[in-house]
Structures are given as C-alpha cells and as structure tokens.
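A.B. asks:
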Amino acid sequence: MWPSPLRQSVDAARLALRLPRVCATALLSATLAGCLSSEYVGRSYAPTSHVDVYFDAKDVSRPYTVMGEVRSQGDEIFSFDRIQKELVEKAQAEGADGVIILGTGRERIGTSTKTDTQVRTTETSQLGVDDSGNLRGTTVTAGGVTTTGATSDINVKVVTGQLIKYTK
142 MWPSPLRQSV DAARLALRLP RVCATALLSA TLAGCLSSEY VGRSYAPTSH VDVYFDAKDV
202 SRPYTVMGEV RSQGDEIFSF DRIQKELVEK AQAEGADGVI ILGTGRERIG TSTKTDTQVR
262 TTETSQLGVD DSGNLRGTTV TAGGVTTTGA TSDINVKVVT GQLIKYTK
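The letter at position 114 of the sequence shown is residue 255 when you use the numbering used here, and the numbering goes up by one with no holes.
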C-alpha cells in the first residue's frame, strides 16, 4: 500500500525542518574541530615521556645539543597554550629532552570573501482611455542589482621552538 499524499507531505515537512538543524550541527562541529599541526626538521631519537620547556637558551642549566626546529600552528580558536602543548607533544615524539620556545605570533595564510547579491524589480501598471475612447493599459518594469562584499584575513597562531637533547 502506498502512503497517502497527506502522509508524504507531512514526512517531507518533517525532513525539511530537521535538515537545517542537521546542517547547522555538522557545520558547527567542523568549525569547532579546527586545525592544529606541527612540522619538524632535524634528528629524531626514541620518544620521551617528559620534555622541559624553556623560554630562553640561558635558562638551560645542562649541556645540550640542538636536534632541530619545530613549528606548531593552529586556527584562531586555539589558545597559544594549546598550540604550545601540541609543540611539546611533537618534541616528545621526536625524542627531545627539552624545547626552547623561540617565538609566538600570528600569520596570515589567506583571505576569505563574502558577497551578497540582491535583485530588485518593480512593476507599475497604468490604465487609461486613449483619444478614441478605447481602454489602454501600460506596464512599466524597472529593476536593479546590488552586490556588496567583504574580505577578511584568515590567520593562524604559530609557536616555534628548538628541540634539544641533553648530552650529560
């Protein structure tokens, strides 16, 4: 037995009401997920479970050798603390005993442009009688297109560091 047209209409209406919520939830989840990554260039050793964090090379009291440099970056939704944690996790994975934070900052990686276009039409009808007494109608249609736009920068937060291995 086929569903009635009324039942099909009700089901379609329910689906239409649910879709914006599903789409909004998916979009919010994707936005909140963000992006966090690290890149490393240098020598690697067996992973370590602890990494000392320094903000100046003069603070390192033990002899060490430089293993390489790491750069961690994250979308604007991440705090610098969270990006530093990502850097420390990368240092552990590469086998570092310590990391000297070289700097933090923001970098522009692109731009985003949003445009909005509006089309407007108006129609005016006029009825009248011509010189011969006949009824005449005139329709005048006018319109216009308006486009507005805004461009904004896409930035990431960056933390860079030098990975070190203690020599004694």
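Think of the CB as a built atom: it goes at the ideal place given N, C-alpha and C, for glycine as much as any other residue.
For residue 256, tell me which candidate among 289, 230, 306 and 236 has the shortest Cα-Cα distance.
C.D. replies: Working through the sequence shown from its first residue, we reach residue 256 at position 115. Ranking 289, 230, 306 and 236 by Cα distance to residue 256 puts 289 first.
A.B. asks: Is it the case that the region 244-256 contacts the region 282-296, given that we only count it when at least three CB pairs across the two stretches are under 8 Å?
C.D. replies: Short answer: they touch.
A.B. asks: I believe residue 300 touches residue 225 by the beta-carbon criterion, under 8 Å. Please report the beta-carbon distance rounded to the nearest angstrom.
C.D. replies: For this step, residue 300 is matched to residue 159 along the sequence shown. For this step, residue 225 is matched to residue 84 along the sequence shown. So it is a contact: roughly 5 Å between Cβ atoms.
A.B. asks: DSSP state of residue 226, grouped into three classes?
C.D. replies: Counting from 1 along the sequence shown, the entry for residue 226 is found at position 85. The answer is helix: DSSP assigns residue 226 an H, G or I state.
A.B. asks: What does a CB cutoff of less than 8 Å around residue 230 pick up in its chain, not counting 5 residues either side in sequence?
C.D. replies: Here the question's residue 230 lines up with position 89 in the sequence shown. So the list reads 179, once near-sequence residues are dropped.
A.B. asks: Using only the alpha-carbon positions, how far apart do residue 199 and residue 218 sit?
C.D. replies: Taking the sequence shown and counting its residues from 1, the one referred to as residue 199 is at position 58. Taking the sequence shown and counting its residues from 1, the one referred to as residue 218 is at position 77. So the two alpha carbons sit approximately 32 Å from each other.
A.B. asks: Measure how close the beta-carbons of residue 239 and residue 188 come, nearest whole angstrom, since I'm counting them as under 8 Å.
C.D. replies: Here the question's residue 239 lines up with position 98 in the sequence shown. Here the question's residue 188 lines up with position 47 in the sequence shown. So it is not a contact: roughly 14 Å between Cβ atoms.
A.B. asks: What did DSSP end up calling residue 180 once you bin it into helix, strand or coil?
C.D. replies: Taking the sequence shown and counting its residues from 1, the one referred to as residue 180 is at position 39. Correct three-state label for residue 180: strand.
A.B. asks: Between residue 243 and residue 215, is the Cβ-Cβ spacing less than 8 Å?
C.D. replies: The count along the sequence shown starts at 1 and reaches residue 243 at position 102. The count along the sequence shown starts at 1 and reaches residue 215 at position 74. Not a contact, by the Cβ cut-off of 8 Å.
A.B. asks: Look at the alpha carbon of residue 282 and the alpha carbon of residue 223, and state the distance between them as a whole number of angstroms.
C.D. replies: In the sequence shown, residue 282 corresponds to position 141, counting from 1. In the sequence shown, residue 223 corresponds to position 82, counting from 1. Using only the alpha carbons, I get a separation of about 59 Å.
A.B. asks: Could you pull out every residue in the same chain whose Cβ sits closer than 6 Å to the Cβ of residue 253, ignoring the five residues on either side in sequence?
C.D. replies: Within the sequence shown, the letter at position 112 stands for residue 253. Once the five neighbours on either side are set aside, the close Cβ partners of residue 253 are 293 and 295.
A.B. asks: Please classify residue 276: is it buried, with 16 or more other beta-carbons within 10 angstroms of its beta-carbon, or exposed?
C.D. replies: Taking the sequence shown and counting its residues from 1, the one referred to as residue 276 is at position 135. The residue is exposed, with fewer than 16 neighbouring Cβ atoms inside 10 Å.
A.B. asks: On a Cα-Cα basis, can you pick out the residue from 194, 197, 213 and 193 that is closest to residue 298?
C.D. replies: Position 157 of the sequence shown, counted from the first residue, corresponds to residue 298. For the residues 194, 197, 213 and 193, the minimum Cα distance to residue 298 belongs to 213.
A.B. asks: I'd like the list of long-range same chain contacts for residue 260, defined as Cβ closer than 6 Å, with 5 residues on each side in sequence excluded.
C.D. replies: The residue labelled residue 260 in the question sits at position 119 within the sequence shown. Around residue 260: 286.
A.B. asks: Could you round the C-beta distance between residue 186 and residue 306 to whole angstroms and report it? I think they count as a contact, below 8 Å.
C.D. replies: Against the sequence shown, residue 186 aligns to sequence position 45. Against the sequence shown, residue 306 aligns to sequence position 165. Indeed they touch by this definition, with Cβ atoms about 7 Å apart.
A.B. asks: Go to residue 195, then tell me how far its beta strand (DSSP E) extends in each direction, as first and last residue.
C.D. replies: Here residue 195 is taken as the residue at index 54 of the sequence shown, counted from 1. Unbroken beta strand (DSSP E) run through residue 195: 193-195.
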